[in-house]
Amino acid sequence: MTRVKRALVFALVAAAWPVAAGAQDAARGEALFMRLCKGCHRLTDSVMVGPGLAGVTARRGDEWLRRWLEDPPAMRSTDPDAQTLSKPFRSHMRKIKDMESTQNREDIIAYLKNASGGLNK
Ligand code: HEC
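Right, here's the structure in full:
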């Protein structure tokens, strides 16, 4: 492919992406995380009420994360990985109203991708 063609393809993909996948906004995701998740999760290995989320976007695929965030109880009753994960916890993650929104889930996942390799949040 010539450079011009490559640039054109890139521009087309970049233009189409937000429509196809829902634009992910990590900054919005951070605000949501601080409000809804930080009481139970750190982005380190430290276990709080819930598991530390260091490396979580490497451990879990986007689709798994979307399903988990949308409905943790349903995942605990159907998904073997969610069942294994839940075993050591006495109180479990509940359904969170704001996670019914696809946009909110995408934004949190974008934030986790940026931040879950981080060490000190
Ligand atoms: C009341 C505490 C609590 C809140 C609030 C909470 N979680 Fe959780 N979370 C848990 C627990 C406990 C687990 C472990 C699975 C289980 O037993 O439900 C978990 C599991 C997870 C996992 C899977 C981790 C892994 O290693 O696979 C992710 C991802 C996650 N939570 C993200 C979030 C996000 C994002 C929010 C905010 C929107 C959130 N959680 C809010 C308690 C919480």
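Take the sequence shown: its position 111, counted from the start at 1, is 110 in numbering that gives the first Met the number 0, and no numbers get skipped.
Built from N, CA and C at the ideal position, the CB exists for glycine as well.
None of the values given here were measured: they were computed from a predicted structure.
Min CB distance residue i to chain B below 8 Å
i: residue 108; result: In the displayed structure, chain B is absent; only one protein chain is listed.
Chain-order list of residues whose beta-carbon lies under 7 Å from that of residue i (same chain, five-residue window excluded)
i: residue 32; result: 107 and 110
i: residue 47; result: 39, 40 and 41
i: residue 112; result: 56
i: residue 61; result: 108
i: residue 82; result: 75
i: residue 4; result: none
Simplified DSSP assignment, three categories, for residue i
i: residue 70; result: coil
i: residue 42; result: coil
i: residue 106; result: helix
i: residue 30; result: helix
i: residue 82; result: helix
i: residue 61; result: helix
i: residue 76; result: helix
i: residue 52; result: coil
i: residue 22; result: coil
8 Å contact criterion, which residue i and residue j should meet: CB distance rounded
i: residue 98; j: residue 69; result: 6 Å
i: residue 52; j: residue 115; result: 5 Å
Cutoff 6 Å; reference residue i; Cβ partners in own chain excluding five residues on either side
i: residue 25; result: 109, 110 and 113
i: residue 29; result: 110
i: residue 120; result: Summary for residue 120: the model assigns pLDDT 40, below 50, so the residue's position carries little reliability, and this model does not support an answer.
i: residue 45; result: 51
i: residue 27; result: 106
Beta-carbon contacts of residue i that lie in its chain and below 8 Å, excluding the five residues immediately before and after
i: residue 84; result: 50
i: residue 122; result: The structure shown has nothing for residue 122, since the chain only spans 0 to 120.
i: residue 90; result: 48
Contact check, residue i vs residue j, beta carbons under 8 Å
i: residue 94; j: residue 72; result: yes
Q. Are at least three pairs of beta-carbons, each pair with one atom in the region 73–81 and one in the region 35–46, less than 8 Å apart?
A. no
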